[in-house]
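Please read the structure below before turning to the comments.
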Amino acid sequence: MLNKEIRKHFPILDQEINGHPLVYLDSAATSQKPRQVIEAISNYYNLDNSNVHRGVHTLGNRATEGYEGAREKVRNFINAKSTEEVIFMRGTTTALNTVAQSYGRANVGEGDEIVITYMEHHSNIIPWQQLAKEKGAVLKYIDLEEDGTLSLDKVREVITDRTKIVSIMYVSNVLGTMNPIKEIAEIAHAHGAVMVVDGAQAAPHLKIDVQQLNCDFFAFSGHKMCGPTGIGVLYGKKELLDKMEPVEFGGEMIDFVGLYESTWKELPWKFEGGTPIIAGAIGLGVAIDFLEEIGLEQIEKHEHELAGYAMERMSEVEGLTIYGPLDPEKRAGLVTFNLDEVHPHDVATVLDMNGIAVRAGHHCAQPLMKWLDVSATARASFYLYNTTEDVDRLVDGLRMAKEYFADVY
Amino acid sequence: MSINNLDQLYRSVIMDHYKNPRNKGVLDESDITVDMNNPTCGDVIHLTLKMEDGIVQEAKFEGEGCSISMASASMMTQMVKGKTAEEAVKVAHIFSDMMLGKEVDESVDLGDIEALSGVAKFPARIKCATLAWKAMEKGVGNDSDQ
Numbered sequence: 001m002l003n004k005e006i007r008k009h010f011p012i013l014d015q016e017i018n019g020h021p022l023v024y025l026d027s028a029a030t031s032q033k034p035r036q037v038i039e040a041i042s043n044y045y046n047l048d049n050s051n052v053h054r055g056v057h058t059l060g061n062r063a064t065e066g067y068e069g070a071r072e073k074v075r076n077f078i079n080a081k082s083t084e085e086v087i088f089m090r091g092t093t094t095a096l097n098t099v100a101q102s103y104g105r106a107n108v109g110e111g112d113e114i115v116i117t118y119m120e121h122h123s124n125i126i127p128w129q130q131l132a133k134e135k136g137a138v139l140k141y142i143d144l145e146e147d148g149t150l151s152l153d154k155v156r157e158v159i160t161d162r163t164k165i166v167s168i169m170y171v172s173n174v175l176g177t178m179n180p181i182k183e184i185a186e187i188a189h190a191h192g193a194v195m196v197v198d199g200a201q202a203a204p205h206l207k208i209d210v211q212q213l214n215c216d217f218f219a220f221s222g223h224k225m226c227g228p229t230g231i232g233v234l235y236g237k238k239e240l241l242d243k244m245e246p247v248e249f250g251g252e253m254i255d256f257v258g259l260y261e262s263t264w265k266e267l268p269w270k271f272e273g274g275t276p277i278i279a280g281a282i283g284l285g286v287a288i289d290f291l292e293e294i295g296l297e298q299i300e301k302h303e304h305e306l307a308g309y310a311m312e313r314m315s316e317v318e319g320l321t322i323y324g325p326l327d328p329e330k331r332a333g334l335v336t337f338n339l340d341e342v343h344p345h346d347v348a349t350v351l352d353m354n355g356i357a358v359r360a361g362h363h364c365a366q367p368l369m370k371w372l373d374v375s376a377t378a379r380a381s382f383y384l385y386n387t388t389e390d391v392d393r394l395v396d397g398l399r400m401a402k403e404y405f406a407d408v409y
Numbered sequence: 001m002s003i004n005n006l007d008q009l010y011r012s013v014i015m016d017h018y019k020n021p022r023n024k025g026v027l028d029e030s031d032i033t034v035d036m037n038n039p040t041c042g043d044v045i046h047l048t049l050k051m052e053d054g055i056v057q058e059a060k061f062e063g064e065g066c067s068i069s070m071a072s073a074s075m076m077t078q079m080v081k082g083k084t085a086e087e088a089v090k091v092a093h094i095f096s097d098m099m100l101g102k103e104v105d106e107s108v109d110l111g112d113i114e115a116l117s118g119v120a121k122f123p124a125r126i127k128c129a130t131l132a133w134k135a136m137e138k139g140v141g142n143d144s145d146q
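Protein chains in written order, with the numbering used here: chain X, 1 to 409; chain L, 1 to 146.
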């Protein structure tokens, strides 16, 4: 377990909600931000704010150095070969849409296949649905095992020589499942397909090595990993990005502009049209510093232990169903559950009255809800600042919810 | 403290409607059918209405959702029966004002619906309570336009 002193870096945690000290268990939706990140953004605007890659003045230099320095931090964080492969974007959704709109449109034709799974987040479903509709391609789903994991046998059954794109989440935001991306990428490559990874729930919690995974694209968001909202990253292999067309055109991304023809800047800037997300990138860079100082391995270990403790304590509550793999080693730091017949919204309201923040709903994964045969679930997700005491408070809150609604059923 | 707050939301009338929903089901013969969902939370309602001379004769609902959304649907179907489309829309507007914490027109007897006034203090739950009313308004609103 990590030292509880870590909590002191997060000003937001030091408050009462509805008369109780806040227990924040919704980090899979968005994480809280450490003081270092908040101050870095504020310092940027107070001292260095200027546009990047232009002008000769000192502030412009500082802003450019901050922005490009953040890119190098991201490169190192995911072990990309070069910063040319690190493109700043609004978030995972924009990154996945960019792959679909640029690589997808150029490489997927009628009758070709795009392969995803039943556990995907809407942001890794709809860009492919749209592409498949536009191109007359076939969108195929890999079915899940009973415990909410993927079997490589089923992956092999679904991917064929017609498959052009395989796009799968690294860690499930509902089931907590960690998918064997490296092995799936091997299968995809053997059929000549590219491997796209939705890393939104992985980057905050695991050491990411895009070269070791040998994925072709990797998308993630800053706000789930202690960074600000509105900044995310698309990693792509240089040889693919080089051949791809931008999807946004305008300032920043051009080389030469004529009346009827223009040329693009080199990588990564050709994909960054318009004034970039400068403060966001700087904030993300500081978030990466913060996470690396603690150590991603330590964070992952902390979350495994916390999820294990949570599953053990939560299973003491009668009538509680946990979704996803029950082996804590097979899952990331989140627990999705339902409590008897009590609707998850009602559970979440009782918890909120006790100062405990959880998510309730379909978690942007309607096809998965259908697969689980539920209309909604509640989810407690953990991060480096959560403690076993938070889990104890959750369990007390669940008992209270159960009691409160007991006479209804 | 917290429990008292919860009691403001989950009044016994609401829990009674949740446990014993009135007008649950689907009308065999209906003039108006409305399907509506709440995309942010997954609540769904299937509403069927039977109209006669511009008056709601029968109303039934099927759906899935939390106690607030299902109790509100039950109360709505109870309230809407015997009302003209215009009157029904008027009550929907009064209900909407109540959810926004505004002063409501006291000349209209709200009956059980008054119990939902506590929802206004739980902003995250307002959309649960309004789903069935929006479905009804869409249904009879379209009908009265024709």
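In this text, a Cβ means the ideal position worked out from N, Cα and C, and glycines have one as well.
- As for any alpha helix (DSSP H) of minimum length 4 sitting wholly inside the region 76-160 of chain X, the runs are 92-98, 126-135, 152-158, ordered along the chain.
- Taking C-beta separations shorter than 6 Å and ignoring five residues to either side along the sequence, the partners of F77 of chain X in its chain run I288, following chain order.
- Ranked by Cα distance from G66 of chain X, the first of X:E305, X:I282, X:H304 is X:I282.
- When C-beta distances to chain X are compared with 8 Å, the residues of the region 3-19 of chain L below that value are I3, N5, L6, L9, Y10, M15, Y18, K19, in chain order.
- In this structure, DSSP gives R54 of chain X a state outside helix and strand, which the three-state scheme calls coil.
- Counting only runs of 4+ residues, the alpha helix (DSSP H) found wholly inside the region 336-396 of chain X occupies 344-353, 366-372, in chain order.
- By the C-beta density criterion, E239 of chain X is exposed, having fewer than 16 other C-beta atoms within 10 angstroms.
- Bounds of the alpha helix (DSSP H) holding Q36 of chain X are 35-43.
- Between D346 of chain X and chain L, the shortest Cβ-Cβ separation is below 7 Å.
- Distance from the CA atom of G54 of chain L to the CA atom of P21 of chain L, rounded to whole angstroms, is 25 Å.
- Interface criterion met: the Cβ of G361 of chain X is under 7 Å from a Cβ in chain L.
- For D16 of chain L, the enclosing alpha helix (DSSP H) begins and ends at 12-19.
- Within 10 angstroms of the beta-carbon of F10 of chain X lie 16 or more other beta-carbons, which makes it buried.
- Under the three-pair Cβ rule at 8 Å, the region 303-320 of chain X counts as touching the region 385-392 of chain X.
- The residue from X:R105, X:I278, X:F256 with its alpha-carbon nearest to that of N49 of chain X is X:I278.
- For the region 366-389 of chain X, the residues whose beta carbon sits under 8 Å from a beta carbon of chain L are, in order, Q366, M369, S375, A376.
- Counting only residues of its own chain and dropping the five nearest sequence neighbours on each side, G91 of chain X has a CB closer than 6 Å to the CB of S221, G232.
- Residues of the region 11-35 of chain X that bring their beta carbon within less than 7 Å of a beta carbon in chain L comprise N18, G19, in sequence order.
- Straight-line measurement puts the Cα of A360 of chain X at about 29 Å from the Cα of N3 of chain X.
- Excluding five sequence positions before and after E266 of chain X, none of the CB atoms of its chain fall closer than 7 Å to its own CB.
- Per DSSP, the unbroken alpha helix (DSSP H) holding A287 of chain X starts and ends at 278-294.
- Residue burial is scored here from C-beta neighbours: D109 of chain L has fewer than 16 other C-beta atoms within 10 angstroms and is therefore classed as exposed.
- Counting along the chain, F95 of chain L sits inside the alpha helix (DSSP H) bounded by residues 85-99.
- CA-to-CA, the gap between Y18 of chain L and V347 of chain X works out to about 15 Å.
- Closer than 7 Å at the C-beta level to chain L, one finds no residue of the region 76-98 of chain X.
- DSSP, reduced to helix, strand and coil, places T321 of chain X within a strand of the structure shown.
- Counted as a single uninterrupted DSSP element, the beta strand (DSSP E) harbouring S167 of chain X occupies residues 163-169.
- Comparing alpha-carbon positions, the option among L:A59, L:A129, L:M98 lying closest to A85 of chain L turns out to be L:A59.
- Here G236 of chain X is bridged, per DSSP, to X:F217.
- Proximity of chain L to V350 of chain X at the Cβ level (cut-off 8 Å) is accounted for by L6, in chain order.
- The three-state reading of DSSP puts P180 of chain X in coil, since its state is none of H, G, I, E or B.
- Non-local C-beta neighbours of R35 of chain X in its own chain, meaning closer than 8 Å and more than five positions away in sequence, comprise H9, F10, P11, ordered along the chain.
- For G82 of chain L, there are no C-beta contacts with chain X under 7 Å, since the nearest C-beta of that chain is about 29 Å from it.
- Ranked by Cα distance from L25 of chain X, the first of X:M400, X:V395, X:V158, X:R399 is X:V395.
- With the rule of 3 Cβ pairs closer than 8 Å, the region 201-209 of chain X does not count as touching the region 242-252 of chain X.
- Within the region 15-80 of chain L, complete beta strand (DSSP E) segments of at least 3 residues are found at 32-38, 43-52, 55-64, given in chain order.
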